[in-house]
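Participant: Protein chains in written order, with the numbering used here: chain A, 1 to 288; chain B, 1 to 288; chain C, 1 to 288; chain D, 1 to 288.
Note that CB positions come from ideal geometry on N, CA and C, so glycine has one too.
Only a predicted model underlies this, so the values are computations on that prediction, with no experimental measurement involved.
There are 4 protein chains.
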Amino acid sequence: MKATENIAVLLIHCPDRVGILAVVTEFINQHKGNILYLDQYVNREEKVFFMRVEWDLTSFQIPRDKISEYFNTLIACRFEMNYRIHFSDQKPRMAIFVSKMSHCLFDLLSRHAAGEWNVDIPLIISNHPDMESVANMFGIAYHVFPITKENKAQQELLQIKLLEEHQIDFCVLARYMQVLSGDFIAHYPDRIINIHHSFLPAFAGAKPYHAAHERGVKIIGATSHYVTDDLDAGPIIEQDVTHITHKNNVEDLIKKGRDLEKIVLSRAVEKHIDRKILAYKNRTVVFQ
Amino acid sequence: MKATENIAVLLIHCPDRVGILAVVTEFINQHKGNILYLDQYVNREEKVFFMRVEWDLTSFQIPRDKISEYFNTLIACRFEMNYRIHFSDQKPRMAIFVSKMSHCLFDLLSRHAAGEWNVDIPLIISNHPDMESVANMFGIAYHVFPITKENKAQQELLQIKLLEEHQIDFCVLARYMQVLSGDFIAHYPDRIINIHHSFLPAFAGAKPYHAAHERGVKIIGATSHYVTDDLDAGPIIEQDVTHITHKNNVEDLIKKGRDLEKIVLSRAVEKHIDRKILAYKNRTVVFQ
Amino acid sequence: MKATENIAVLLIHCPDRVGILAVVTEFINQHKGNILYLDQYVNREEKVFFMRVEWDLTSFQIPRDKISEYFNTLIACRFEMNYRIHFSDQKPRMAIFVSKMSHCLFDLLSRHAAGEWNVDIPLIISNHPDMESVANMFGIAYHVFPITKENKAQQELLQIKLLEEHQIDFCVLARYMQVLSGDFIAHYPDRIINIHHSFLPAFAGAKPYHAAHERGVKIIGATSHYVTDDLDAGPIIEQDVTHITHKNNVEDLIKKGRDLEKIVLSRAVEKHIDRKILAYKNRTVVFQ
Amino acid sequence: MKATENIAVLLIHCPDRVGILAVVTEFINQHKGNILYLDQYVNREEKVFFMRVEWDLTSFQIPRDKISEYFNTLIACRFEMNYRIHFSDQKPRMAIFVSKMSHCLFDLLSRHAAGEWNVDIPLIISNHPDMESVANMFGIAYHVFPITKENKAQQELLQIKLLEEHQIDFCVLARYMQVLSGDFIAHYPDRIINIHHSFLPAFAGAKPYHAAHERGVKIIGATSHYVTDDLDAGPIIEQDVTHITHKNNVEDLIKKGRDLEKIVLSRAVEKHIDRKILAYKNRTVVFQ
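1) Quick check on residue 132/B: does DSSP put it in helix, strand or coil?
2) Can you name the residues of chain C whose CB is closer than 7 Å to the CB of residue 217/D?
3) For residue 110/A, go through chain D and note every residue whose CB falls closer than 8 Å to its CB, in chain order.
4) Applying a beta-carbon distance threshold of less than 9 Å, which residues of chain D neighbour residue 199/C?
5) Using the DSSP secondary-structure output, state which residues sit across from residue 42/C in a beta bridge.
6) In chain A, what lies closer than 8 Å to residue 288/D by C-beta?
7) How should residue 210/D be labelled, buried or exposed, when 16 other C-beta atoms within 10 angstroms of its C-beta is the threshold for buried?
8) Tell me whether residue 54/A is buried or exposed, calling it buried when 16 or more other Cβ atoms sit within 10 Å of its Cβ.
9) Using CA coordinates, which residue listed in 78/B, 52/B, 91/B, 234/B is at the minimum distance from residue 4/B?
10) Using Cβ-Cβ distances below 7 Å, what residues of the segment 243-274 of chain A are close to chain D?
11) Give the single residue among 287/C, 14/C, 219/C, 189/C whose Cα lies nearest to the Cα of residue 203/C.
12) Checking contacts by CB at 8 Å: is residue 29/C closer than that to chain A?
13) For a cutoff of 8 Å on Cβ pairs, would you count residue 73/C as touching chain A?
14) Does DSSP classify residue 22/C as helix, strand or coil?
15) Going by C-alpha to C-alpha distance, which of 270/D, 145/D, 122/D, 238/D sits closest to residue 168/D?
16) Using a Cβ-Cβ cut-off of 6 Å (strictly less than) and excluding sequence neighbours within five positions of residue 144/B, which residues of its own chain qualify?
17) Please state the DSSP three-state secondary structure of residue 93/A.
18) Helix, strand or coil, according to DSSP, for residue 216/B in the structure here?
19) I need the DSSP call for residue 126/B, collapsed to helix, strand or coil.
20) Starting from residue 85/B and walking both ways along the beta strand (DSSP E), at which residues does that stretch end?
21) Quick one: any contact between the segment 261-275 of chain A and the segment 160-178 of chain A, if contact means 3 or more CB pairs under 8 Å?
22) Going along the chain, which residues of its own chain have a beta-carbon closer than 8 Å to the beta-carbon of residue 250/C, five neighbours each way excluded?
23) DSSP on residue 238/B, reduced to helix/strand/coil?
24) Could you tell me if residue 265/C is buried or exposed, where buried requires 16 or more neighbouring beta carbons within 10 angstroms of its beta carbon?
25) Going by beta carbon distance, what residues of the same chain come within less than 7 Å of residue 257/D, once the five residues before and after it are set aside?
26) Compute the Euclidean distance between the alpha carbons of residue 278/B and residue 166/B, then round it to the nearest angstrom.
27) I need the straight-line Cα distance from residue 73/C to residue 67/C, nearest angstrom please.
28) Count the other CB atoms, across all protein chains shown, that sit within 10 Å of the CB of residue 281/C; report buried if there are 16 or more and exposed otherwise.
29) Please return the same chain residues whose Cβ sits closer than 6 Å to the Cβ of residue 160/A, not counting the five positions on each side in sequence.
30) Are residue 40/A and residue 38/C closer than 8 Å when you measure CB to CB?
31) Listed from N- to C-terminal order along the chain, which residues in the segment 9-22 of chain C have their beta-carbon within a distance smaller than 7 Å of any beta-carbon of chain A?
32) Straight-line CA distance for residue 262/C to residue 224/C?
33) Are the C-beta atoms of residue 114/D and some chain A residue less than 8 Å apart?
34) Can you pull the chain C residues whose beta carbon is under 8 Å from the beta carbon of residue 53/D, in chain order?
35) Are any of the Cβ atoms in chain D nearer than 8 Å to that of residue 26/B?
36) Residues of chain A with a CB under 9 Å from the CB of residue 177/D: which are they?
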């Protein structure tokens, strides 16, 4: 989904009923929309219908700024739908939070610099000055907010102010070693993506590689998830693992883990940018 | 390592000191042993040396029943070694414990029937009659010990008696849905292999697939480990995972998990039979 | 999809046009069918629409033996569809071909014996007597057809006769070490599933593990595919790999490969039984 | 292995004979070397012994510039050894070759910038100007050598001259879309690392993702290998794969493949920098 294309993305969830899929695809087809991708899923236990559809707007007969209104009136109300509509030329704006480690930051910025993602990155926020040189390499503004127990609430307010000034849509915690407060999180529900360096729910909290080594596991992992009030317990977006052996010490785990972390985080960010994720009851539906 | 071969396997761990590797390999070489495999590992944090060496006894000049004594006198004492010597023609004797699910049982018995493993399986123990037909297919004695809260201690005593009568070396819990008592476990330290249907330490205890589905993880796993007094917390031997999506319900996880469980359990059993595992401080060294 | 359920499965492919999805789902909904699973995919390069839909027939208003006729008249003709309809109570009948190795055979028969699959296995065909004991364990008829260059055509005719007498729907080559003739294959187009012990297209033909070892690869694999006239070149259903190292000799590869082969073959067989595969232009669409 | 440490690495291969391991470890131990890592492997079919040993030189009694001579005189001659000795403070010098794609280049340069690797990267060579901005970001000299059929031999001579001026030890082809001549390769035997975007030997040559899509495989891969005269047929260092489905078009494969390529290439480069690879008869021994 490139910014130069003229595409709409519709994400829906609602109580499952007969005919929803037919009604939605007809809405698009009869007004001359050309469906490019469609993925739907029905959670039969909870009787909930989920859908993501992407269509070309070139010949679509409903004016773009009326689509949401028409869809709401004609369909969404009838089916008690929760829905969001996005357009490909609305580039989301993303802020990166980082502390002292560069591997995730480099991976995110490299993909952005290579033009892989339809996203703007106006700024990077850190609690340490260490990563400023990396930000400079990529020409992105770097803001340091040192955090202490005393100033945390105040600093978070300043961070939020900065994010709002830059109209940030979502935040990516690229190994940001601070726990965000509930107040902060409430500003960006399902819009803060974290990478945790374990296969959650194992080894939540601090020093997961040390804990993994201590426990003697034979795999290590990384988990990207939306941040919620419960530490490391938000909706999981993506996970991956790699095998280790008894020969690997903690430093080996940290090193092997870096590759996992950056890939797992970047995959999650990409899906968020492409509006492929729907968080629902602390789980995610990740469309194809 | 086949029963028809004339091979010795030596497993060692001891405080790390200069020259251990040289001394042990010389002991074998100078008495005309032909080293077939050697794997060693030094845990540098804890300064412990681990080694497994396999050698052909055909021309070995120390009589087989004297090897342990000579090794002990000449080397082990000097280096404060813990060691075990096994011989390829001593087939270990394995008991399988099972409840109502057949997939792990079939996998173990199929490998045994195909002659893949140098092991004897004199008997299968269950708390239910369901798997008797499978045992019969493979011609293996099947003993049912129904377990209630009241009779558990008594039944375990009878199980142990039966295991001792059949000179069982180690037990494999092939989805045996009973928690063994500490007394039982004490009879077979590091010699009871369990398969748990999650990537431990996540989802220990009952119903891990339900818990995994509830948590919304994107991978599920299986873990084989030695049983200790702490439930699902013993030394891990082998782990593997597979990816799932939001589309998979609990039944899908159970189904996908079956393949993981049987392969992960059989790999652990094979390594145990081949004397490739050394449990140390609640972790395992798994030699190649 | 169990035999006891009353379910229809419809598989479609046709030129992509606007509204197909809506029309098909409406056909099911308006006649009171309850859609259980739906997966669709549009190949945009070739402009082909693929769909699999599973629905509960309990309240469906079109009599079961008229469904195909009605669907054809009302929809399929209009959209130039290729389609197949299956019913859950029509158990497919599967024949297994095997030579001398038991691991795939055991895995297939174990799953069948455990009731995992909605399939009948009336017979096993082999060019060697070796696996008869395994067939006997599971109570399945075992037919030996020794093959020589001279008698091959004649033996294949007898095999086909036997398959037809038993109304076999599809064949599974569980490490059957004979190349089937084009004539044989023509009787079962996209209905003979083979397991090849490499990640095709690498190492097609004989002795792939030897070739893999010689080439010094760091992964080995297994591939299940439908058999066509081109040896090891038919539509691929499923593939998986495992990592190896320089320490693994050919025997190690063969051993590690066995686990891959049996799992990859069984996964393919399961998807075939569940009517989830649509072969198209030497590729497969594998529905979820 | 950091430059600040005082460590020697010895790599050996020779005909397998009794006692080699003991003799080498004694040589190090008796002169007060402290062994940090040791990995050995015997190829029993070809009767060849391989070994890598890393030891701390702090108390080693043989002067560093005499170690090779002493080792040669006392041991290597006796056992017909091929051996190499490296020291941790001799930073290898690496040149990167790139064409127009940035993902591997970014990954290599990011790791270098983060100080992950004990290597110098004095220059980048390309046949196109496109990646100059990336080189500039990281402050590394960028040299463009446009290649045509006519000027290729001449340009390669200039490239070699440049590499020699900068005392380059090894070259990394980070998606360099030119085939190097045999003459060029002869200057850097087993010292040019390439990344090929398929699981070799499948899909050697041009456009492997197109070929993979055409063939309908269910996995795609990447392979890092040393470059030899045979295109894409040199000793394999590292391979990895990822699963795909029928829903993935060629663009999806290219995108998914990028992550594989960069990780697989970087892992190979890291092992080369750490002197963990021994190429032997078109295969690699990759030590731990």
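Facilitator: The structure says:
1) Start at 1 with the first residue of the second sequence, and residue 132/B comes out as number 132. Residue 132/B falls in the helix class under three-state DSSP.
2) Translated into positions along the fourth sequence, residue 217/D becomes position 217. The answer, in chain order, is 236, 239.
3) Reading the first sequence from its first residue, position 110 is the one you call residue 110/A. 102, 103, 106, 107, 110, listed in chain order.
4) One-based indexing of the third sequence puts residue 199/C at position 199. Within chain D, the residues near residue 199/C are 199, 202, 217, 219, 221, 241.
5) Against the third sequence, residue 42/C aligns to sequence position 42. Residue 42/C pairs with 49/C.
6) By 1-based counting over the fourth sequence, the position of residue 288/D is 288. Simply 247.
7) Here residue 210/D refers to the residue found at position 210 when the fourth sequence is read from its first residue. The residue is exposed, with fewer than 16 neighbouring Cβ atoms inside 10 Å.
8) If you number the first sequence from 1, residue 54/A lands on position 54. The residue is buried, with at least 16 neighbouring Cβ atoms inside 10 Å.
9) Position 4 of the second sequence, counting from 1, holds the residue named residue 4/B. Residue 91/B is the option with its Cα nearest to residue 4/B.
10) 247, 259, 263
11) Position 203 of the third sequence holds residue 203/C. Checking every option, the nearest Cα to that of residue 203/C belongs to 219/C.
12) Mapped onto the third sequence, residue 29/C falls at position 29. Cβ-Cβ to chain A under 8 Å: yes for residue 29/C.
13) Here residue 73/C is taken as the residue at index 73 of the third sequence, counted from 1. Output row for residue 73/C: interface = no.
14) Along the third sequence, one-based indexing puts residue 22/C at 22. If DSSP states are grouped into helix, strand and coil, residue 22/C belongs with the helices.
15) Start at 1 with the first residue of the fourth sequence, and residue 168/D comes out as number 168. For residue 168/D, the nearest C-alpha among the options comes from 122/D.
16) Stepping through the second sequence from its first residue, residue 144/B is reached at position 144. Closer than 6 Å at the Cβ level, and outside the excluded window around residue 144/B, lie 126, 129.
17) The residue labelled residue 93/A in the question sits at position 93 within the first sequence. In this structure, residue 93/A counts as strand in the three-state DSSP scheme.
18) Against the second sequence, residue 216/B aligns to sequence position 216. Coil at residue 216/B, not helix or strand.
19) Start at 1 with the first residue of the second sequence, and residue 126/B comes out as number 126. Reduced to three states, the DSSP call for residue 126/B is strand.
20) Position 85 of the second sequence, counting from 1, holds the residue named residue 85/B. Element bounds for residue 85/B: 82-87.
21) yes
22) Looking up residue 250/C in the third sequence gives position 250. Excluding positions up to five away in sequence, the list reads 209, 210, 213.
23) On the second sequence, position 238 is the one that residue 238/B refers to. Reduced to three states, the DSSP call for residue 238/B is strand.
24) In the third sequence, counting from the first residue as 1, residue 265/C sits at position 265. Result: buried.
25) As a first step, residue 257/D must be located in the fourth sequence, where it is residue number 257. Correct list, in chain order: 197, 209, 220, 222.
26) For the purposes of this step, residue 278/B is identified with residue 278 of the second sequence, where counting begins at 1. For the purposes of this step, residue 166/B is identified with residue 166 of the second sequence, where counting begins at 1. Spanning the two alpha carbons is a distance of roughly 25 Å.
27) As a working mapping, residue 73/C is identified with position 73 in the third sequence. As a working mapping, residue 67/C is identified with position 67 in the third sequence. Between residue 73/C and residue 67/C, the C-alpha separation is close to 10 Å.
28) Counted from its first residue, the third sequence places residue 281/C at position 281. Label assigned to residue 281/C: exposed.
29) For the purposes of this step, residue 160/A is taken as residue 160 along the first sequence, with counting starting at 1. Around residue 160/A: 187.
30) As a first step, residue 40/A must be located in the first sequence, where it is residue number 40. As a first step, residue 38/C must be located in the third sequence, where it is residue number 38. Yes. Within cutoff.
31) 18, 19, 21, 22
32) As a first step, residue 262/C must be located in the third sequence, where it is residue number 262. As a first step, residue 224/C must be located in the third sequence, where it is residue number 224. Cα to Cα, residue 262/C sits roughly 10 Å from residue 224/C.
33) What you label residue 114/D is simply residue 114 of the fourth sequence in a count that begins at 1. Yes, because at least one Cβ of chain A sits closer than 8 Å to the Cβ of residue 114/D.
34) Counted from its first residue, the fourth sequence places residue 53/D at position 53. Within 8 Å Cβ-Cβ: nothing; residue 53/D doesn't reach chain C, min ~17 Å.
35) Looking up residue 26/B in the second sequence gives position 26. With 8 Å as the cut-off, residue 26/B counts as an interface residue toward chain D.
36) In the fourth sequence, counting from the first residue as 1, residue 177/D sits at position 177. Within chain A, no residue comes near residue 177/D; the closest Cβ sits about 17 Å away, beyond 9 Å.
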